[in-house]
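A.B. asks: Attaching a single structure in structure tokens format; questions to follow.
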Amino acid sequence: MTEKAAGKEITKSATARSRHIDHQIDHDRDEKHREVQLLILGGGGSGKSTFIKQLRIHHGDGYPVEERKRMKYDVYENAIDAFHRVVKNMKELSITLEIVDNSKKYETLCETYPMQEILCVFPNVENGNSALRSPQLSRSRPQPSEIPAQLLSIWEDAGFQRAFNLREKFCDPLTEAEIYFLEHFIRVSNKHYIPTVQDLLHVRKPTVGVQEHSFRVQEFLFRVIDVAGQKSQRKKWMHFFDGVTAVIFFVALSGFNEQLEEDSTMNKLHDSLEIFEEVTRNKFLLIADFILFLNKQDLFLQKLENGLSIRTAFPEFKEKSGAVNPDASIKYIRNKFFATAPQNKMIYPHVSCAIDIDLMKVIIDDVLQIIMEINLKKAALI
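Every position in the sequence shown, counted from 1, becomes a number in the numbering used here once 54 is added.
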């Protein structure tokens, strides 16, 4: 081969390599543009983790039976905590267990399964998944392999049932999960019990630290970051602001007459408004769009039907005497959130009930479509 021919071959080879590199760069850029990073924010108990469960139901494996069998221990924990809370409130209401032997059974239950708040064990935890696997947690409270036998007898006690029926008067109110599992206790206590998907949606297990989840929709890869919503955990939020496509912010509509578990002087909706204002104005999230979930619509409507009003949180709210107008109440709350954000901030509101499988499928499909469009628009600007 002549020197001139050799030079041409080298040139062709270099050109081919260059084209391959360019093609790979274009491919990597396309892949990157089809990666969506979502940050789930909101106060504790607002429905963030339930939303992620819904994502898995509609765009994941839907919780296979074997996994649901393992997750019954979480159901048992919620049920046991419900018993603790009812008995605690019985003392406040001067109600006692009518069968003396049941009091002894409850004392045994307390010794074996004391009520334990996970954030008391891990007040400064960073990695949620490792915390939940930690032997430190299991030492603080043994994990039940089945519903303790003594619980059924306590459940059937007339004193316990009377107190449960008076739960609206509890000073330390039951959570929605605790009410649900007490109402379904006979089914849950069956030795052949396997949790349903609906049961898993009701399980309350506070997010500890940071948990990441991934799933695919069409050609998009969604990376979802769920961070704990308790006040002590919020300083860590800013570490995850970089590169966020959109923020999904959860608000519990039903919190208008509730206080934070960790701060009894702070109304839950007021707290959510403060957080929302802070994050929508954060310099690292200036170009991030927000999806606002006004969640727990079912509990909200139930409270209004029972005669409560959002004037508990917003005394300035005007409503017609004797008339319940849920739409006006929700609209007022929505506008309060809009008013805290910068005027140019894109906010997509949705009223939701995160435990409603059919409703959430429609909402999730709509939200994901919005997010994919947001991502493609941002990619076009790069």
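A virtual CB, placed ideally from N, CA and C, is assigned to each residue, including glycine.
Return helix, strand or coil for Asn-360, following the three-state DSSP convention.
C.D. replies: Here residue 360 refers to the residue found at position 306 of the sequence shown. Of the three classes helix, strand and coil, the one that applies to Asn-360 here is coil, per DSSP.
A.B. asks: Do Lys-350 and Ser-318 have their C-beta atoms within less than 7 angstroms of each other?
C.D. replies: Within the sequence shown, the letter at position 296 stands for residue 350. Within the sequence shown, the letter at position 264 stands for residue 318. For the 7 angstroms CB-CB criterion, Lys-350 and Ser-318 do not form a contact.
A.B. asks: I need the straight-line Cα distance from Ser-188 to Asp-128, nearest angstrom please.
C.D. replies: By 1-based counting over the sequence shown, the position of residue 188 is 134. By 1-based counting over the sequence shown, the position of residue 128 is 74. Legend: pLDDT at Ser-188 = 44, less than 50; position of this residue unreliable, value from coordinates given subsequently. Their backbone Cα atoms lie some 15 angstroms apart in a straight line.
A.B. asks: Asp-82 to Met-414, Cα distance in whole Å?
C.D. replies: Indexing the sequence shown from 1 puts residue 82 at position 28. Indexing the sequence shown from 1 puts residue 414 at position 360. Confidence at Asp-82 is low in this model, with a pLDDT of 43, below 50, so the placement of that residue is unreliable and no value is reported for it.
A.B. asks: Measure the CB-CB distance between Asn-429 and Val-257 and report whether it falls below 7 angstroms.
C.D. replies: Mapped onto the sequence shown, residue 429 falls at position 375. Mapped onto the sequence shown, residue 257 falls at position 203. The answer is no: Cβ separation not under 7 angstroms.
A.B. asks: What residue range is occupied by the uninterrupted beta strand (DSSP E) comprising Arg-277?
C.D. replies: Within the sequence shown, the letter at position 223 stands for residue 277. Per DSSP, the unbroken beta strand (DSSP E) holding Arg-277 starts and ends at 274-281.
A.B. asks: Buried or exposed: where does Ile-248 fall if 16 or more other Cβ atoms within 10 Å of its Cβ makes it buried?
C.D. replies: Taking the first residue of the sequence shown as position 1, residue 248 is located at position 194. Residue burial annotation: Ile-248 is exposed, with fewer than 16 other C-beta atoms found within 10 angstroms of its C-beta.
A.B. asks: Rounded to whole angstroms, what's the CA-CA distance from Met-426 to Val-90? Just pull it up for me.
C.D. replies: Position 372 of the sequence shown, counting from 1, holds the residue named residue 426. Position 36 of the sequence shown, counting from 1, holds the residue named residue 90. Cα to Cα, Met-426 sits roughly 8 angstroms from Val-90.
A.B. asks: Is the Cβ-Cβ distance between Phe-304 and Phe-347 less than 7 angstroms?
C.D. replies: By one-based count along the sequence shown, residue 304 stands at place 250. By one-based count along the sequence shown, residue 347 stands at place 293. Yes, Cβ-Cβ distance for Phe-304 and Phe-347 is below 7 angstroms.
A.B. asks: Within 10 Å of its beta-carbon, does Ala-231 have 16 or more other beta-carbons around it, so buried, or fewer, so exposed?
C.D. replies: Taking the first residue of the sequence shown as position 1, residue 231 is located at position 177. Buried, since its Cβ has 16 or more Cβ neighbours within 10 Å.
A.B. asks: Please say whether Phe-269 and Gly-98 have beta carbons closer to each other than 7 angstroms?
C.D. replies: By one-based count along the sequence shown, residue 98 stands at place 44. By one-based count along the sequence shown, residue 269 stands at place 215. Taking 7 angstroms as the Cβ cut-off, Gly-98 and Phe-269 do not qualify as a contacting pair.
A.B. asks: Can you check DSSP and say which residues form a bridge with Leu-348?
C.D. replies: As a position in the sequence shown, residue 348 is number 294, starting the count at 1. Leu-348 pairs with Val-305, Val-405.
A.B. asks: Tell me whether Pro-227 counts as near the ligand NAD, meaning its Cβ is closer than 6 angstroms to at least one heavy atom of that ligand.
C.D. replies: Judged by which ligands are present, the structure shown has none, so any question about the ligand NAD falls away.
A.B. asks: Candidates Glu-331, Lys-374, Ile-409: which alpha carbon is nearest Ile-401's?
C.D. replies: Taking the sequence shown and counting its residues from 1, the one referred to as residue 401 is at position 347. Among Glu-331, Lys-374, Ile-409, the Cα nearest to that of Ile-401 is on Glu-331.
A.B. asks: By the 10 Å Cβ neighbour count, where 16 or more other Cβ atoms means buried, how is Met-169 classified, buried or exposed?
C.D. replies: The residue given as residue 169 occupies position 115 in the sequence shown. Exposed, by the Cβ-count rule.
A.B. asks: Span of the beta strand (DSSP E) holding Ile-94?
C.D. replies: By one-based count along the sequence shown, residue 94 stands at place 40. Taken as a continuous stretch (DSSP letters only), the beta strand (DSSP E) holding Ile-94 covers 89-96.
A.B. asks: In the DSSP output, what is Val-54 paired with across the bridge?
C.D. replies: With the chain represented from 55 up to 436, any question about residue 54 goes unanswered, as that position is not in the structure.
A.B. asks: With H, G and I counted as helix, E and B as strand and the rest as coil, what does DSSP make of Val-264?
C.D. replies: The sequence position of residue 264 within the sequence shown is 210, counting from 1. Val-264: strand per DSSP, three-state reduction.
A.B. asks: What residue from Ala-136, Thr-162, Gln-265 has the CA that sits closest to Ile-106's CA?
C.D. replies: Taking the first residue of the sequence shown as 1, we reach residue 106 at position 52. Checked all of Ala-136, Thr-162, Gln-265; the closest Cα to Ile-106 is Gln-265.
A.B. asks: In terms of residues, what are the limits of the alpha helix (DSSP H) holding Gln-204?
C.D. replies: As a position in the sequence shown, residue 204 is number 150, starting the count at 1. First-last of the alpha helix (DSSP H) with Gln-204: 204-210.
A.B. asks: Give me the Cα-Cα distance between Arg-221 and Ala-203, rounded to the nearest whole angstrom.
C.D. replies: If you number the sequence shown from 1, residue 221 lands on position 167. If you number the sequence shown from 1, residue 203 lands on position 149. Cα-Cα distance, rounded: 24 angstroms.
A.B. asks: Quick check on the DSSP output: what are the complete alpha helix (DSSP H) runs of length 4 or more inside the segment 96-149, in order along the chain?
C.D. replies: 102-113, 119-124, 126-146
A.B. asks: Rank Phe-344, Gly-361, Ile-411, Ala-408 by C-alpha distance to the C-alpha of Gln-397 and give the top, closest one.
C.D. replies: Position 343 of the sequence shown, counting from 1, holds the residue named residue 397. It is Phe-344.
A.B. asks: From which residue to which residue does the alpha helix (DSSP H) around Gln-252 run?
C.D. replies: Translated into the one-based positions of the sequence shown, residue 252 becomes position 198. Note, Gln-252: alpha helix (DSSP H), 251-256.
A.B. asks: Under the assumption that Ser-103 contacts Asp-325 (Cβ atoms under 8 angstroms), give the Cβ distance between them as a whole number of angstroms.
C.D. replies: Residue numbering aside, residue 103 sits at position 49 when the sequence shown is read from its first letter. Residue numbering aside, residue 325 sits at position 271 when the sequence shown is read from its first letter. Not confirmed; about 18 angstroms, so no contact.
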